[in-house]
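In the working numbering, the protein residues as written are 2 to 197. Each residue gets a CB set at the ideal place from its N, CA and C atoms; glycine is no exception.
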Amino acid sequence: MLRIQIALLPLSVAALWISPAAQATAWPHPLPTHHFVGLTQGGDLSNVVQQLRGQGFENSDGSVTEFNKWYRTSWPDLKLTWMTQLTPQSGILWGFSTGERGPKYKIASSLQLGFLHHRTLSNQSQLTLRISQRFGGRLTEKSCEAFYAIDKQWQEVNCRLAAGELPPADTLQYLYRQKPRDSRASISVAWQYPFR
2 MLRIQIALLP LSVAALWISP AAQATAWPHP LPTHHFVGLT QGGDLSNVVQ QLRGQGFENS
62 DGSVTEFNKW YRTSWPDLKL TWMTQLTPQS GILWGFSTGE RGPKYKIASS LQLGFLHHRT
122 LSNQSQLTLR ISQRFGGRLT EKSCEAFYAI DKQWQEVNCR LAAGELPPAD TLQYLYRQKP
182 RDSRASISVA WQYPFR
C-alpha cells in the first residue's frame with residue numbers, strides 16, 4: 002500500500018488572471034487557500050481483497066480454481082485529500098477516492114469531509130484537533146454460478162465458498178458488503194510538547 006503524507010502545499014485557486022483593480026471591485030475578500038495534504042493508494046478494503054488473490058480451491062475433477070482471476074485489479078483505490086484554509090489556525094478537509102473494481106468485486110468511490118484546527122498554546126506546546134468522515138467507498142462482492150453434480154443443476158453461490166461444505170444458498174450471506182473503516186466519524190486530538 003502506498004501512503005504519502007505531504008506537507009501543506011499551496012495550490013493556485015484562480016484559473017484566469019484578474020487585474021488588481023477588478024479584484025478590489027468584484028470581491029472584497031481574499032480567496033481561501035487550498036493545500037494538498039495527502040495521497041493514499043489502497044486501504045483496509047483493498048487489503049481484504051488483496052489477501053484473496055493468492056488463494057483458490059480444488060474442484061471435484063482435480064482442477065484448481067484460482068481466486069486471482071476474480072479479484073485482480075489494474076487500479077487500486079486511490080484517495081486524495083486537500084485542506085481549504087479558513088483562518089491561519091483552521092481549515093476544511095475534503096477529498097475523494099477513485100474506487101476499485103475487479104471481475105467479482107467493487108469498491109465504490111467516496112467523498113471525505115472534515116475539519117482541522119491547530120492552536121499554539123505556548124512557545125513549546127501545540128494542540129491539533131481533527132474531525133473527519135468518509136461517505137461511500139463500500140466493498141460489494143458478486144456471486145458465481147456453479148454446477149453441482151449431486152443436485153444436477155446450476156446454483157448461485159459465493160465464489161470463495163463454492164467448494165465448501167455449506168449449501169450454495171447459505172454461502173450468499175457471506176458475500177462482502179463492507180464499509181470502509183473511516184466511514185464512521187473520527188475525532189483525533191494531538192498535543193505536542195518537546196521534552197528536552
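As a quick exercise: from G115, D152, V65, L173, pick the residue whose alpha carbon is nearest that of L87. As a position in the sequence shown, residue 87 is number 86, starting the count at 1. Nearest of G115, D152, V65, L173 to L87, Cα basis: G115.
Quick check: R139 and K180, are their CB atoms within less than 7 angstroms of each other? Working through the sequence shown from its first residue, we reach residue 139 at position 138. Working through the sequence shown from its first residue, we reach residue 180 at position 179. Yes, these two residues count as a Cβ contact at 7 angstroms.
Under a Cβ-count criterion, where at least 16 other Cβ atoms within 10 Å of its own Cβ denotes burial, should A163 be classed as buried or exposed? In the sequence shown, residue 163 corresponds to position 162, counting from 1. Note on A163: 16 or more other CB atoms within 10 angstroms of its CB, so buried under the neighbour-count rule.
Proximal residues to W155 (C-beta, below 6 angstroms), its chain only, five neighbours per side dropped: On the sequence shown, position 154 is the one that residue 155 refers to. Non-local C-beta neighbours of W155 in its own chain, meaning closer than 6 angstroms and more than five positions away in sequence, comprise E146, F148, ordered along the chain.
Only counting runs of 3 or more residues, tell me where the beta strand (DSSP E) segments fall wholly within the stretch 98-166, in order along the chain. 101-103, 106-108, 111-121, 127-137, 140-142, 145-149, 154-158, all fully within the stretch 98-166.
Could you compute how far the alpha carbon of R178 sits from the alpha carbon of E101? The residue labelled residue 178 in the question sits at position 177 within the sequence shown. The residue labelled residue 101 in the question sits at position 100 within the sequence shown. In this model, R178 and E101 are separated by some 14 angstroms (Cα to Cα).
Cβ of V65 less than 7 angstroms from any chain B Cβ? Considering every chain present, this structure includes no chain B. It has just one protein chain.
Coarse secondary structure for A191, derived from DSSP in three states: To locate residue 191, count along the sequence shown from 1; it is residue 190. DSSP, reduced to helix, strand and coil, places A191 within a strand of the structure shown.
State the start and end residues of the unbroken beta strand (DSSP E) segment that holds T34. Along the sequence shown, read from residue 1 onward, the residue named residue 34 stands at position 33. Counting along the chain, T34 sits inside the beta strand (DSSP E) bounded by residues 34-42.
Can T74 and G103 be called in contact, C-beta distance under 7 angstroms? The residue you call residue 74 lines up with position 73 of the sequence shown. The residue you call residue 103 lines up with position 102 of the sequence shown. Against a cut-off of 7 angstroms, the Cβ pair of G103 and T74 comes out as a contact.
Spatial neighbours of N60 within its chain, please: CB distance less than 8 angstroms, with the 5 preceding and 5 following residues excluded, ordered by chain position. For this step, residue 60 is matched to residue 59 along the sequence shown. Short of 8 angstroms from the beta carbon of N60, and not among the five residues preceding or following it, lie these beta carbons of its own chain, in chain order: T66, A164.
State the start and end residues of the unbroken beta strand (DSSP E) segment that holds W83. By 1-based counting over the sequence shown, the position of residue 83 is 82. Here the beta strand (DSSP E) through W83 covers 79-86.
Given a cut-off of 7 angstroms on the beta-carbon distance, is the pair I132 and I188 in contact? The sequence position of residue 132 within the sequence shown is 131, counting from 1. The sequence position of residue 188 within the sequence shown is 187, counting from 1. In contact: I132 and I188 (Cβ atoms closer than 7 angstroms).
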